[in-house]
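Visitor: Pasting a structure here, questions to come.
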């Protein structure tokens, strides 16, 4: 039986360090990006990255999320045969999805160049974004498989940190030793770095799974039946984040996109505790819910929720106090204009850290349709807000829409967990004390 406290002790510190390093490295990367490219090109980069991420998400039809629960549940019941069947079925579907993405990219390359003119792209960018999406497909599925195998350290390592770290080295070399570089050069460098990290993760994953049973069966239909609702939820989550940039880019300018993107990515420090907790408890939540241990699940959620609140609120006040200075240090003096948008987004994030991790519970408990409804509803509210306000307020309209989107999304899921599942996910001091006491006993017994 998997001991939850033991998992938190053994993996928590490692994952926490990686989550913090990933947040710092992302800021360093964006800082170098802002110094190599013009603000308009930075805005175009944010748009291209968002499109690649959305295509990668849509093309796998939610399998990158469902595979975590399927593999974790199979291993918790000692069914390694089923775990390997789900694992290889997801990999095969990724190959098929990648083929479809490249065919679609080639079709767009030859037929609709006029549709990307609004972002100052030519048709070559379509192919580049298509290749980027294919690499992200495999990176995301490998990360999800690591989560399902309870290899949370490797999931955190390869979900972004390795790529960003290698990209920082490459961009620093270009910035310090190179000549003038444009948007295409930087995107290609990022794709190559992502590919190298994905190859490394595939190598590690092979060593982790080669001990499983040699035989397996294809369960793609079952996998897709479970995953289909998740694609709308996950795509809705990405749309909630990226579409605000696209709307501002289409209705205002790429310069305003750069300001909005700078604010959004700086705010990620607030969400580090939440993202860390979600990564850490995802397989544990699936395990506890599958065994009917709802009380233990709530202790886990409320205890970790208390940690989220403490560190999240501290990060919020830090950014509110020093946001303008941090924008100047990270991105340059031009980007201090984004401070008002930064403050708006920070206020929205306060709600997100307050409700804990309701999305993890709903997904791991099999309520993908409710997650889908929440994400699509919140996306609709936020997109409408951004569309109405961006023309008159510029990037500030996008910032308001972004804050409204994520606040409503997390509130909806929190209400669903509370009313439908009777599970409380927001912070609980007593639950945190219970968890800490269990961890202390575990450590003392191991000495």
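In the working numbering, the protein residues as written are 2 to 448. Even glycine gets a Cβ: it sits at the ideal position worked out from N, Cα and C. Since the structure is predicted, the reported quantities are computational estimates derived from the model, not experimental observations.
Out of 389, 167, 60 and 72, which one is the CA nearest neighbour of residue 100?
Guide: Looking at the Cα atoms, 60 is the closest of the given residues.
Visitor: Assuming residue 168 is part of the alpha helix (DSSP H), what are its boundary residues?
Guide: Residue 168 -> alpha helix (DSSP H) spans 163-178.
Visitor: Buried or exposed for residue 243, going by 16 or more other Cβ atoms inside 10 Å?
Guide: The residue is buried, with at least 16 neighbouring Cβ atoms inside 10 Å.
Visitor: What number of angstroms, rounded off, separates the C-alpha of residue 247 from the C-alpha of residue 388?
Guide: Rounded to whole angstroms, residue 247 to residue 388 spans 10 Å at the Cα level.
Visitor: Can you check whether the CB of residue 348 is closer than 9 Å to the CB of residue 414?
Guide: No, they are not a contact pair.
Visitor: Taking the C-alpha atoms as reference points, what is the distance between residue 131 and residue 105?
Guide: One C-alpha to the other measures close to 8 Å.
Visitor: Select from 382, 355 and 385 the residue whose C-alpha is nearest the C-alpha of residue 416.
Guide: Nearest C-alpha to residue 416: 355.
Visitor: On the premise that residue 68 lies in contact with residue 149, defined as a C-beta separation below 8 Å, what is that separation, rounded to the nearest angstrom?
Guide: Yes, they are in contact, since the Cβ atoms of residue 149 and residue 68 sit about 6 Å apart, within 8 Å.
Visitor: Measure the alpha-carbon distance for residue 66 versus residue 137 and round it to whole angstroms.
Guide: Their Cα atoms are separated by approximately 14 Å.
Visitor: Thinking C-beta only, is residue 34 closer than 9 Å to residue 172?
Guide: Yes. Within cutoff.
Visitor: Do residue 259 and residue 392 have their CB atoms nearer than 9 Å?
Guide: Against a cut-off of 9 Å, the Cβ pair of residue 392 and residue 259 comes out as no contact.
Visitor: Taking three-plus beta-carbon pairs below 8 Å as touching, is the stretch 160-177 in contact with the stretch 194-207?
Guide: Yes, since at least three Cβ pairs between the stretch 160-177 and the stretch 194-207 fall closer than 8 Å, the two stretches touch.
Visitor: Helix, strand or coil: which one does DSSP assign to residue 358?
Guide: Residue 358 falls in the coil class under three-state DSSP.
Visitor: Exposed or buried, which one is residue 125 when buried takes at least 16 other CB atoms within 10 Å?
Guide: Looking at its Cβ environment, which holds fewer than 16 other Cβ atoms inside 10 Å, residue 125 is exposed.
Visitor: When every heavy atom of the ligand MG is checked, does at least one fall within less than 8 Å of the C-beta of residue 327?
Guide: Among the components of this structure there are no ligands whatsoever, and the ligand MG is therefore not found.
Visitor: Does DSSP classify residue 252 as helix, strand or coil?
Guide: Helix.
Visitor: Buried or exposed, going by whether 16 or more other CB atoms sit within 10 Å of the CB of residue 270?
Guide: With 16 or more Cβ atoms within 10 Å of its Cβ, residue 270 is classed as buried.
Visitor: Does the count of Cβ pairs from the stretch 307-320 and the stretch 48-60 closer than 8 Å reach three?
Guide: The stretch 307-320 vs the stretch 48-60: no contact.
Visitor: Considering only the alpha carbon of each residue, which of 92, 85, 46 and 49 lies closest to residue 63?
Guide: Per the Cα distances, 92.
Visitor: Within this structure, are the beta carbons of residue 264 and residue 328 separated by less than 9 Å?
Guide: Yes. Within cutoff.
Visitor: With distances taken between CB atoms, is the gap from residue 403 to residue 245 smaller than 9 Å?
Guide: Contact: yes.
Visitor: Cα-Cα, which of 374, 201 and 401 is closest to residue 386?
Guide: Looking at the Cα atoms, 401 is the closest of the given residues.
Visitor: Taking all protein chains shown into account, decide if residue 293 is buried (16 or more other Cβ within 10 angstroms of its Cβ) or exposed.
Guide: Exposed is the call here.
Visitor: Let me make sure I understand the geometry here. Which of 156, 255 and 19 has the alpha-carbon closest to that of residue 139?
Guide: Ranking the options by Cα distance to residue 139, first place goes to 156.
Visitor: Assuming contact is defined by CB atoms lying nearer than 9 Å, are residue 49 and residue 129 in contact in what I supplied?
Guide: Yes, the pair counts as a contact, with Cβ atoms nearer than the cut-off.
Visitor: If residue 249 and residue 257 are in contact, beta carbons under 8 Å, what's the gap, nearest whole angstrom?
Guide: Right, their Cβ atoms sit about 5 Å apart.
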